[in-house]
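Structure, as structure tokens:
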Amino acid sequence: MDAALMGSPSVAAGDSPTSGEHRMGTTIVGVCYDGGVVLAADSRTSTGMYVANRASDKITQLTDNVYVCRSGSAADTQVISDYVRYFLHQHTIQLGQPATVKVAANLIRLLAYQNKNMLQAGMIVGGWNKYEGGQIFSVPLGGTILRQPFAIGGSGSSYLYGLLDHEWKEGMSQEEAEKFVVKVVSLAMARDGASGGVVRTVTINADGVSRKFHPGDKLPLWHEELEPQNSLLDILAAGNPDPMKRGNRGYRAKACPRKCLSHRPYLMAVVAPPSLALPQPPQHPTPKPRRRAPRDVASWTSAIARPARQGDLPAAAAALSAMLSSPAAPAPNDVTLLTVLSACADSPSSPLARRLALSIHARVLKLFPSHLLLSTCLARFYLASRLPHLALKLFDSMPVRSVVTYNTVISGLMRNGLVAAAFEVFDGMPAPDKVSWTALIDGCVKNGRHDEAIGCFRAMLLDGVEPDYVTLIAVVSACAEVGALGLGMWVHRLVVRQGLERNLRIANSLIEMYARCGQAELARQVFGGMRKRTVISWNSMIVGFAANGRCTDAVEHFKAMRREGFKPDAVTFTGVLTACSHGGLTEQGLRYYDLMMAEYGIAARMEHYGCVVDLLGRSGRLEEAMRVVASMPMRPNEVVLGALLAGCRMHGDVGMAEQLMQYLLELDPSGDANYVLLSNIYAAVGKWDSAGKVRNMMKARGLRKRPGYSVVEIDGDVHKFVSGDRSHPQAEEISQMLGLLMHEMAGHDNDHILDFMNGG
1 MDAALMGSPS VAAGDSPTSG EHRMGTTIVG VCYDGGVVLA ADSRTSTGMY
51 VANRASDKIT QLTDNVYVCR SGSAADTQVI SDYVRYFLHQ HTIQLGQPAT
101 VKVAANLIRL LAYQNKNMLQ AGMIVGGWNK YEGGQIFSVP LGGTILRQPF
151 AIGGSGSSYL YGLLDHEWKE GMSQEEAEKF VVKVVSLAMA RDGASGGVVR
201 TVTINADGVS RKFHPGDKLP LWHEELEPQN SLLDILAAGN PDPMKRGNRG
251 YRAKACPRKC LSHRPYLMAV VAPPSLALPQ PPQHPTPKPR RRAPRDVASW
301 TSAIARPARQ GDLPAAAAAL SAMLSSPAAP APNDVTLLTV LSACADSPSS
351 PLARRLALSI HARVLKLFPS HLLLSTCLAR FYLASRLPHL ALKLFDSMPV
401 RSVVTYNTVI SGLMRNGLVA AAFEVFDGMP APDKVSWTAL IDGCVKNGRH
451 DEAIGCFRAM LLDGVEPDYV TLIAVVSACA EVGALGLGMW VHRLVVRQGL
501 ERNLRIANSL IEMYARCGQA ELARQVFGGM RKRTVISWNS MIVGFAANGR
551 CTDAVEHFKA MRREGFKPDA VTFTGVLTAC SHGGLTEQGL RYYDLMMAEY
601 GIAARMEHYG CVVDLLGRSG RLEEAMRVVA SMPMRPNEVV LGALLAGCRM
651 HGDVGMAEQL MQYLLELDPS GDANYVLLSN IYAAVGKWDS AGKVRNMMKA
701 RGLRKRPGYS VVEIDGDVHK FVSGDRSHPQ AEEISQMLGL LMHEMAGHDN
751 DHILDFMNGG
């Protein structure tokens, strides 16, 4: 009652003061000042000692510029904070911009309201953005949000709200606001008798976020003097008809010596004067224990859902078994079965999943033969379990299908490599949506059908469906694979037009696309425009520079990456070792190889050994390269041995090449490149008979050298040409143009050109 009279905006249940012994709780405060906000909370245990763990720190980061103060149950509020942080992270990825303070507060309000029967907590959300400045929202138990210039919650909210109302003033400086919130929390700690407590503050403004730590023994010792009319019973005894009058909430606070804190009966929020005694509570006889009501289907489903959400399929199956075997339990409904099926689909590799899903399928056929959600979930399970034929059979038998059903089946078929079947399902959709097109395009990319992916993207645009960031990432990947620079640049313009250029995943994809299309400078421009970078961003630049022969730039970016505090991973070292190999930086590359294992503890993988062997082979250190191959903890593959064979060709070491060829024939007997390489080594040293024997061996084994090809992009279409191939629809025009070019370069006469154009 007292908390309500004092006008507390955010009081955690169980934290309000009582007339008996006070139970200590957390106090949280948020204050707006001129330029930002300050949040504060105490971190302590029931003994008053500070505990450095995640739950005791009651100020939690939600985004870069939004934090939440939590009172009440530490575990419950931490779970809510984790959920909200995940949702806000997804919000930032999808929209390409951070969430506002109000969005974060509304998410917390929603979760708090949904769990109002279990959640005993009040929270304060504070943050800053460039459009609205600093904002404070309190989220009390009622599931509402209130934007306020200041807010207080938890243990001290009922008797310190008046202090905030009295002493807070508009236009406070940052220093004044920080000192003020520390003072408020210190008063609550003194009232609770918490020696050794800690006050934590977070200041959020245009300059960023700063966190401060105030140990209890370093704080000024404050105490509060409550005037008589601040006691509810004193107000009633004085006959004041308006307990909410501002004069009834006056506070004075001053510094005092430590001995003042040892005896303070006046610190209780409700103090009974001698003239008015509190009535004794009526005595009731101890009630007899009542028989517990039987559990309903919702209760059983909730018990199954808890382990299912945590990925504990055996526990979920045990709970379902208990429900089915209990004579008092109701029969599972569709929600119960859907919960277990979803858990099976999330854990398809579990040996229990298939048996459990098949038994549920039998029950579904008996009880819910035409249930849309259950059938869709079953199809999802079969596709995740690599049983696409069962999924298609179920899909064909469904009398009603939703867009979600179609999208689930298309995605699952693509993951199983059944591209033609996925197209067939897609063609049967009445109205494909954005998700349907994206599933089709992404599936084509992951199955190596890049030209088809680009064709689907064009059909999507012609169909009037606007792509989202997931679609654009897939299309950019397809452009990178086929070298479609023009289309990739068009997609980049579309990204800018939709305001998605700050999306990290899109920016990383664009860097990779430009680098693979040979435009390292454009990749550098995208990288330079990124406000936030990840290890993937740095890796894309380092690998891109290495692939384009810009070895010095790759090494410089590797050094810059380390200077800025990013930890290189295995991909980073693959890129920098490749750059050193192509640039002839042998000693520097070997130093980076040692650095990878000694400083960063990264175990060398096959690709790292391949880079080191190539590095040594190019520099002529073939014996060292062979020792590296011999010391590998795994069997070398054809790439590692091929790199050493290339070094043998470069430096004319026929003996080592013949030795390596024996291993290569065992590893990759159908690899034509190794035969061709050995034949060229023999030819380079004049061993024409040996070269002929290798060629004859290829013919005897039915191997042919795979011809090289060139690719050119014109108006977004990629054209592929092989030597001697005249299958292109414009082969005649191309041949005539080549003839004209040859004439201009060689100065041939017109008769020769006419003969060439006529096929002579």
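Going by full-length UniProt numbering, the letters in the sequence shown line up with residues 1 to 760, in that order.
Every residue, glycine too, gets a C-beta built ideally from N, C-alpha and C.
All values derive from a computational prediction rather than experimental measurement.
Around the beta carbon of residue 531, fewer than 16 other beta carbons sit within 10 angstroms, so the residue counts as exposed. Only buried fits residue 43, as 16 or more other CB atoms lie within 10 angstroms of its CB. Bridge pairing for residue 214: 199 [DSSP]. Around the beta carbon of residue 513, 16 or more other beta carbons sit within 10 angstroms, so the residue counts as buried. The Cβ atoms of residue 29 and residue 185 sit closer than 8 angstroms to each other. Under DSSP, the beta-bridge partners assigned to residue 205 are 36 and 208. Residue pairing by DSSP places residue 42 opposite 199 in a beta bridge.
Our two residues, residue 461 and residue 728, have alpha carbons roughly 27 angstroms apart in a direct line. By the Cβ criterion, the segment 357-364 is not in contact with the segment 398-415, since fewer than three pairs of Cβ atoms, one from each stretch, lie closer than 8 angstroms.
For residue 486, the enclosing alpha helix (DSSP H) has its first and last residue at 485-497.
Here residue 653 is buried: its Cβ has 16 or more other Cβ atoms, across all protein chains shown, within 10 Å. Note that the C-beta distance between residue 548 and residue 575 is not below 8 angstroms. Comparing alpha-carbon positions, the option among 600, 464 and 207 lying closest to residue 573 turns out to be 600.
Under the DSSP assignment, residue 525 falls in the alpha helix (DSSP H) whose first and last residues are 520-528. The Cβ atoms of residue 534 and residue 583 do not sit closer than 8 angstroms to each other. The bridge partners DSSP lists for residue 545 come to none. Shown here, residue 517 sits in coil according to DSSP, grouped into three states, outside any helix or strand.
Look at residue 79 here: in three-state DSSP terms it is helix.
If you check the CB distance, residue 492 and residue 504 do not come in under 8 angstroms. Just so you know, the alpha carbons of residue 154 and residue 213 end up roughly 20 angstroms apart. DSSP links residue 139 through a beta bridge to 123. Per DSSP, the unbroken beta strand (DSSP E) holding residue 150 starts and ends at 150-154. Boundaries of the beta strand (DSSP E) around residue 67: 66-70. For residue 147, the three-state secondary structure derived from DSSP is strand.
By the CB criterion at 8 angstroms, residue 188 and residue 27 fall inside the cutoff. Sorting 485, 200 and 454 by C-alpha distance to the C-alpha of residue 438 places 454 at the top. Excluding the 5 residues flanking it on each side, residue 465 has same chain C-beta neighbours closer than 8 angstroms at 432, 433, 434 and 437, in chain order.
Rounded to the nearest whole angstrom, the C-alpha separation of residue 743 and residue 448 is 40 angstroms. Shown here for residue 137: same chain residues with a beta carbon closer than 6 angstroms to its own, the five before and five after excluded, namely 105, 125, 145 and 147 in chain order.
Fully contained in the segment 332-380 are the following alpha helix (DSSP H) runs of length 4 or more, in chain order: 334-346 and 351-367. Per the coordinates, the alpha-carbon of residue 346 lies some 11 angstroms from the alpha-carbon of residue 382. Taking every protein chain shown into account, the CB of residue 331 has fewer than 16 other CB atoms within 10 angstroms, so this residue is exposed. Distance between residue 178 and residue 203, taken at the CA atoms: about 8 angstroms.
With fewer than 16 other Cβ atoms from the protein chains shown falling within 10 Å of its own Cβ, residue 567 counts as exposed. Take residue 605, set aside five residues on each side of it, and the residues of its chain with a beta-carbon closer than 7 angstroms to its own are 570, in chain order.
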